[in-house]
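J.: Have a look at this one before I ask anything.
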Amino acid sequence: MAEIGTIYVLANPAIPGLVKVGKTTRSVDARIKELSSATGVPNQFMLIYEQTFLDVDNAESQIHVILESRGYRHAANREFFNGKPSDVIKIINTIKGKIDDLYNPIIAHETDECHSFNLGEFGSNELTAAKNQKFFENYQWFEIWSEAENYHYGLNGYMQDYSDAIELYSKACKLGCPFAFQKLGDICLSSEGMTSSDKGKALEYYKQGVKLGDYYCYLKMGILYCEVGSLENTRKCLDRFIEKSTSKDIVIEFGNVFASSLATFLQETFKNHPFTIEQKNFIRGNRTDILSSIKSGMEYADANGGVYDFSKINRLCEFINAI
Numbered sequence: 002m003a004e005i006g007t008i009y010v011l012a013n014p015a016i017p018g019l020v021k022v023g024k025t026t027r028s029v030d031a032r033i034k035e036l037s038s039a040t041g042v043p044n045q046f047m048l049i050y051e052q053t054f055l056d057v058d059n060a061e062s063q064i065h066v067i068l069e070s071r072g073y074r075h076a077a078n079r080e081f082f083n084g085k086p087s088d089v090i091k092i093i094n095t096i097k098g099k100i101d102d103l104y105n106p107i108i109a110h111e112t113d114e115c116h117s118f119n120l121g122e123f124g125s126n127e128l129t130a131a132k133n134q135k136f137f138e139n140y141q142w143f144e145i146w147s148e149a150e151n152y153h154y155g156l157n158g159y160m161q162d163y164s165d166a167i168e169l170y171s172k173a174c175k176l177g178c179p180f181a182f183q184k185l186g187d188i189c190l191s192s193e194g195m196t197s198s199d200k201g202k203a204l205e206y207y208k209q210g211v212k213l214g215d216y217y218c219y220l221k222m223g224i225l226y227c228e229v230g231s232l233e234n235t236r237k238c239l240d241r242f243i244e245k246s247t248s249k250d251i252v253i254e255f256g257n258v259f260a261s262s263l264a265t266f267l268q269e270t271f272k273n274h275p276f277t278i279e280q281k282n283f284i285r286g287n288r289t290d291i292l293s294s295i296k297s298g299m300e301y302a303d304a305n306g307g308v309y310d311f312s313k314i315n316r317l318c319e320f321i322n323a324i
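What follows is the structure, encoded as structure tokens:
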């Protein structure tokens, strides 16, 4: 259960260059007295900054993850950091859920409990990669997410390293990044950096991604449900994706094109899933983009030595054209 509490930043003359970043659900003064009276502390702690949050445990966790990712943590499992107080305060102020936000209607809307994103005016098909990056780069998880992508795919001069990617994706998850849950789910299915695939764990990651607003996870959940014969759940997943995409309340993942995700879903489910009239109308409305995406995927596979089941793809295209 979320508790209201205060995040504090303290300094002590006896430990120059370090600040203590912690939390308390009591008064900060009482916490300072408690810390200063501990054995081995020659000087009293001094308050540098304090900020009250609606969910202080969650806020502290996010702040510590960011500080550690930037190399500020002085020692493992300790609350001392070697960042400049001004930098630490800036990080604290990027965290959502401050008690002051309740009195600011714009910020309060952004701190909606489900943490989902509404791109509204952009529209799913109009959001280019450049616009997409600019939209998300102000979120506190963006830097960690980007580094995870670099390790995962070996981009921007990084060595491809699945273990580092998994670690960074996990940190981005703690900061509320919806895309990170999807990527961890994908890794569980592909067993990249793992000893074996884990469909159950992948499904749980996709469920968390949906809660945070990445509605492409519905399509990936639907594929998993279809594989085990749970066609009713497959139908519900596609229905919910359709609902979100048509209302434009949908997150566009970096490089994840709307039609390509839908094409992948259809490729894996069309033989076994009894599509409803509403679902067929949706597929018909996006037919051109889906077929174009399938063609692009085949061309990419040919150019990169990939293997495609052409007979299966032809049957899929026939199915889409026949709707």
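Numbering of the sequence shown is given in our numbering, commencing with residue 2 and proceeding in unit increments. Ideal Cβ placement from N, Cα and C applies to all residues, glycine included.
1) Drop a sphere of 10 angstroms on the beta-carbon of residue 222, count the other beta-carbons inside from all chains shown, and report buried for 16 or more, exposed for fewer.
2) List the endpoints of the continuous beta strand (DSSP E) containing residue 10.
3) Can you find at least 3 beta carbon pairs, one from the region 224–235 and one from the region 270–277, that sit closer than 8 Å?
4) For the region 132–168, list the alpha helix (DSSP H) runs that are entirely contained and at least 4 residues long, ordered along the chain.
5) What are the boundary residues of the beta strand (DSSP E) that includes residue 46?
6) What's the call for residue 61, buried or exposed, on a 16-neighbour Cβ count within 10 Å?
7) I'd like the list of long-range same chain contacts for residue 169, defined as Cβ closer than 6 Å, with 5 residues on each side in sequence excluded.
8) For residue 200, report the span of its alpha helix (DSSP H) as first-last.
9) Within its chain, find whatever has a CB closer than 8 Å to the CB of residue 200; leave out the 5 residues flanking it on each side and keep chain order.
10) Can you find at least 3 beta carbon pairs, one from the region 169–183 and one from the region 206–217, that sit closer than 8 Å?
11) In whole angstroms, what separates the C-alpha of residue 117 from that of residue 205?
12) Output the distance between the C-alpha atoms of residue 244 and residue 86, rounded to the nearest integer angstrom.
13) Just verifying my parser: in three-state terms, what is the DSSP assignment at residue 233?
14) Considering Cα atoms alone, identify which of 14, 71 and 81 is closest to residue 141.
15) Beta-carbon separation of residue 284 and residue 314 under 8 Å?
16) What whole-angstrom Cβ distance do residue 291 and residue 264 have, given they're in contact under 8 Å?
17) Below 8 Å between beta carbons: does that hold for residue 48 and residue 100?
18) Excluding the 5 residues flanking residue 308 on each side, which residues of the same chain have their C-beta closer than 8 Å to its C-beta?
19) In its own chain, which residues sit with a C-beta less than 7 Å from the C-beta of residue 19, not counting the 5 before and 5 after it?
20) Please indicate yes or no: does the CB of residue 283 lie closer than 7 Å to some heavy atom of the ligand COA?
21) Here's a check: name, in chain order, each residue in its chain whose Cβ is nearer than 8 Å to the Cβ of residue 10, leaving out the five neighbours to either side.
22) In the DSSP assignment, the alpha helix (DSSP H) including residue 85 goes from what residue to what residue?
23) I'd like the list of long-range same chain contacts for residue 242, defined as Cβ closer than 7 Å, with 5 residues on each side in sequence excluded.
24) Quick one: is residue 281 buried, meaning 16 or more other Cβ sit within 10 Å of its Cβ, or exposed?
T.: This is what the structure holds:
1) Here the question's residue 222 lines up with position 221 in the sequence shown. By the neighbour-count rule (16 or more Cβ atoms within 10 Å), residue 222 is buried.
2) The residue labelled residue 10 in the question sits at position 9 within the sequence shown. Per DSSP, residue 10 belongs to the beta strand (DSSP E) from 6–12.
3) yes
4) 143–154
5) What you label residue 46 is simply residue 45 of the sequence shown in a count that begins at 1. That residue, residue 46, is in no beta strand (DSSP E); it is neither H nor E in DSSP.
6) Within the sequence shown, numbered from 1, the residue matching residue 61 stands at position 60. Counting Cβ neighbours within 10 Å, residue 61 comes out buried, since at least 16 surround it.
7) Mapped onto the sequence shown, residue 169 falls at position 168. So the qualifying residues of the chain are 145, 148 and 149.
8) For the purposes of this step, residue 200 is taken as residue 199 along the sequence shown, with counting starting at 1. Segment 200–212, the alpha helix (DSSP H) holding residue 200.
9) Stepping through the sequence shown from its first residue, residue 200 is reached at position 199. 189, 190, 225 and 228.
10) yes
11) As a working mapping, residue 117 is identified with position 116 in the sequence shown. As a working mapping, residue 205 is identified with position 204 in the sequence shown. Bear in mind that the predicted position of residue 117 carries a pLDDT of just 45, short of 50, making it unreliable; the figure below should be weighed with that in mind. Rounded to whole angstroms, residue 117 to residue 205 spans 17 Å at the Cα level.
12) Position 243 of the sequence shown, counted from the first residue, corresponds to residue 244. Position 85 of the sequence shown, counted from the first residue, corresponds to residue 86. Rounded to the nearest angstrom, the two C-alpha atoms are 45 Å apart.
13) For the purposes of this step, residue 233 is taken as the residue at position 232 of the sequence shown. Residue state, collapsed to three classes: helix.
14) Locating residue 141 in the sequence shown gives position 140, counting from the first residue. Among 14, 71 and 81, the Cα nearest to that of residue 141 is on 71.
15) For the purposes of this step, residue 284 is identified with residue 283 of the sequence shown, where counting begins at 1. For the purposes of this step, residue 314 is identified with residue 313 of the sequence shown, where counting begins at 1. Taking 8 Å as the Cβ cut-off, residue 284 and residue 314 do not qualify as a contacting pair.
16) Here residue 291 is taken as the residue at index 290 of the sequence shown, counted from 1. Here residue 264 is taken as the residue at index 263 of the sequence shown, counted from 1. That belief holds up - the Cβ atoms of residue 291 and residue 264 are roughly 5 Å apart, short of 8 Å.
17) Sequence index remark: in the sequence shown, residue 48 carries index 47 (1-based). Sequence index remark: in the sequence shown, residue 100 carries index 99 (1-based). In this structure, residue 100 does not lie closer than 8 Å to residue 48 by Cβ.
18) The residue you call residue 308 lines up with position 307 of the sequence shown. If we look at residue 308 and ignore the five residues flanking it on each side, its Cβ neighbours are 302.
19) Within the sequence shown, the letter at position 18 stands for residue 19. The answer, listed in chain order, is 75, 81, 82 and 83.
20) Among the components of this structure there are no ligands whatsoever, and the ligand COA is therefore not found.
21) For the purposes of this step, residue 10 is identified with residue 9 of the sequence shown, where counting begins at 1. Around residue 10: 20, 21, 22, 48, 49, 50, 51, 86, 89, 90 and 93.
22) As a first step, residue 85 is located in the sequence shown; it is residue number 84 there, counting from the start. Taken as a continuous stretch (DSSP letters only), residue 85 belongs to no alpha helix (DSSP H), as it is neither H nor E.
23) Translated into positions along the sequence shown, residue 242 becomes position 241. So the qualifying residues of the chain are 216, 219 and 220.
24) Here the question's residue 281 lines up with position 280 in the sequence shown. Its Cβ having fewer than 16 others within 10 Å, residue 281 is exposed.
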